[in-house]
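Sequential numbering from 20 applies to the sequence shown in my numbering.
Don't be surprised by glycine CBs; every beta carbon is placed ideally from N, CA and C.
If you're wondering where the values come from, they're calculated on a predicted model, not measured in any experiment.
Right, one structure below, let's go through it.
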Amino acid sequence: MAVLVTGGAGYIGSHTCVELLEAGYEIVVLDNFNNSKPESVERIKKITGKEFQTYCIDLLDKEKVNQVFQENEIDAVIHFAGLKAVGESVFLPLHYYHNNVTGTLVLCEAMKNNNVKNLVFSSSATVYGLPEQCPITEDFRLGALNPYGRTKLMIEEILKDLYVSDNEWSIALLRYFNPIGAHKSGLIGEDPNGVPNNLMPYITQVAVGKLHELNVFGNQYSTKDGTGVRDYIHVVDLAKGHLKALDMITSSTGIEALNLGTGKGYSVLEMVSAFEKVSKIRIPYKVVAPRPGDAAVCCANSDKAFRMMGWKAEKGIEEMCEDSWRWQKMNPYGYEMNNVLDHPHLSIKVGIF
Ligand code: WQD
C-alpha cells in the first residue's frame, strides 16, 4: 500500500517524501511542476536510495488523477499541491481559487471514488488572519486576510463537511507556522520562483550574493525590537509532523486541526543576527514600510499536536539557519543549476566581524 503525496516535489513535500521513504513507506508523487522542479525528485531518490513513481499531473485533470488511484494501491494521501504566494493571490484570485480549491475537490472525488478516505491536508497559520493574541490555539477565531489564506480556510471547511457527510473519513488539517531550514544533506531545500517573498530565502540569497540587501518590513510593531515576530519551524520537524498525522489518521476516523509550530517567536532582526552568527556573513538591511496585512506577532501553541500525535518540534533556530545556509551555498540557483562553479561571479561574502 502506498501514500500519495501531491506536491511531493515542493519544499515541504520533498522533505516529507524523504521522511516517508526513510520510515519504510511506499510513496507515489503527483506534481505539475509549476512551482517545483523535477530535479528535486531526483534528489529525494539520491538521499534515500529509494525508487518511486512520479506523475507529472495537474490536479485539475480529473481523468489522470483518477488513473493514479487505478494504477496504484493508495491507502492515504498527503495533499501539499497548491499555490502559496500571498501577494500573488491578491492579483490572481480566480487562479488561486481554481487551482487550490477546485484541485482539492478533484482530488477528494477521486479518493472517494476509489474508497481512499485518509487525508493529511497542508493548511496554514494564515487561516487565523490577524491573531488577537499569541500563542494561537486551534480554537481561535478563523479569518483569512487574502485569497491564498481564504483557499486554505475554504478547503478546511469543505473537508469538515466531507467528514460530516461520511464518518469513515479520517482527516488531519495541519496548520503550519513559518517553515525554514533544509535537509542536512543540502540536496533539497526551499527554491522560490523569482525574488523570494519569505524572510529566510531572502536572507540566504543576500548571503550568497544574489540579492543586494534585505528590506525589513517595518520596525514600529509592539515587539521587542519593533520588527515582526514569527514562529519559525524546521522543515524536517514539520515533515515528521506529517508522519505522526499519518499514524493518527490511519488508526482512527475523524477530522482534527493541528498547529505545527515551536511556540517560540523570533523577530526579523533576531533572525538576521542568528543567521549572521551561523554563517559569519553580514546581512545588510534597510527598514522600509510595513507589508500590508502583516501581523506583529504570530506564534503557535502546539500542545494539541503533542497530546494527539506525540509530536513536538525539536530543532532550534541555529540549526534552522545552518541548514538553510548549507542548501543555499550548495545550490545558489536552486535546482536550476547546482554548482557555484557555474557562476564564478557569485562570491560568497565572508563578513568581517
Ligand atoms: C516573516 C517576517 C515579514 C520578508 C507567510 C505566509 C504564510 C506561510 C509562511 C504559506 C514578517 C518579515 C519578510 C522580507 C521582511 N506561507 N519579512 N522582509 O508572512 O509570516 O507568512 O509565509 O502557508 O501563509 O503568509 O512569512 O517569511 O513572508 O515573513 O521583513 O523580505 O519577516 O514582515 O514579519 P509570513 P514571511
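Remark: the shortest separation between the CB of GLY247 and any heavy atom of the ligand WQD falls under 6 Å.
Bounds of the alpha helix (DSSP H) holding ALA226 are 218-226. In this structure, the C-beta of THR281 stays at least 6 Å away from each heavy atom of the ligand WQD. ASN51 sits in coil when the DSSP states are folded into three classes, being neither helix nor strand. Residue pairing from DSSP places TYR195 in a beta bridge opposite SER143 and LEU279. For GLY200, the number of other beta carbons within 10 angstroms of its own is at least 16, and it is reported as buried.
Residue state for SER204 is assigned as coil, using DSSP reduced to three classes.
Secondary structure at GLN347: helix, using DSSP grouped into helix, strand and coil. Counting only residues of its own chain and dropping the five nearest sequence neighbours on each side, ALA315 has a CB closer than 8 Å to the CB of TYR240, SER241, THR242, GLY247 and VAL248.
At the C-beta level, GLY282 and ALA324 stay beyond 7 Å of one another. Contact annotation, LEU40 with ILE46: C-beta distance approximately 6 Å; criterion of less than 8 Å satisfied. Between TYR285 and the set CYS340, VAL24, LEU113 and CYS127, the nearest pair of CA atoms involves CYS340.
Around the CB of PRO351, 16 or more other CB atoms lie within 10 Å, so the residue is classed as buried. Spatial neighbours of ALA226 in its own chain (CB-CB distance under 6 Å, excluding positions within 5 residues in sequence) are listed in chain order as SER298 and ILE300.
Measuring C-alpha to C-alpha distances from GLU337 to each of VAL87, LYS296 and GLY122 identifies LYS296 as the nearest.
Around the beta carbon of CYS75, a 10 Å sphere encloses fewer than 16 other beta carbons of the protein chains shown; the residue is thus reported as exposed. When C-beta atoms of the stretch 113-131 are compared with those of the stretch 250-257, fewer than three pairs fall below 8 Å, so the two segments do not count as touching. The ligand WQD never approaches VAL48 closely enough for any of its heavy atoms to be under 6 Å from the residue's Cβ.
For ALA95, the enclosing beta strand (DSSP E) has its first and last residue at 93-98. Contact between the stretch 58-78 and the stretch 107-116 is absent: fewer than three C-beta pairs spanning the two stretches fall below 8 Å. Residue burial is scored here from C-beta neighbours: PRO311 has fewer than 16 other C-beta atoms within 10 angstroms and is therefore classed as exposed. CYS317 sits in a strand when the DSSP states are folded into three classes.
Boundaries of the beta strand (DSSP E) harbouring CYS75: 72-75, taken from the DSSP string. Bounds of the alpha helix (DSSP H) holding HIS114 are 112-115. Residues of the same chain with a CB within less than 7 Å of the CB of LEU218, apart from the 5 flanking positions on each side, are VAL287 and MET290 in chain order. Under the DSSP assignment, THR170 falls outside any beta strand (DSSP E), being part of the alpha helix (DSSP H) whose first and last residues are 166-184. For the pair TYR304 and VAL235, the CB atoms are nearer than the 7 Å cut-off. By the neighbour-count criterion, in which 16 or more other beta carbons inside 10 Å mark a residue as buried, HIS231 falls on the exposed side. Take the alpha-carbon of PRO166 and the one of LEU113: they are about 9 Å apart.
For LEU230, there is no enclosing alpha helix (DSSP H), as DSSP gives it neither H nor E. By the neighbour-count criterion, in which a residue is buried when 16 or more other Cβ atoms sit within 10 angstroms of its Cβ, ASP50 is buried.
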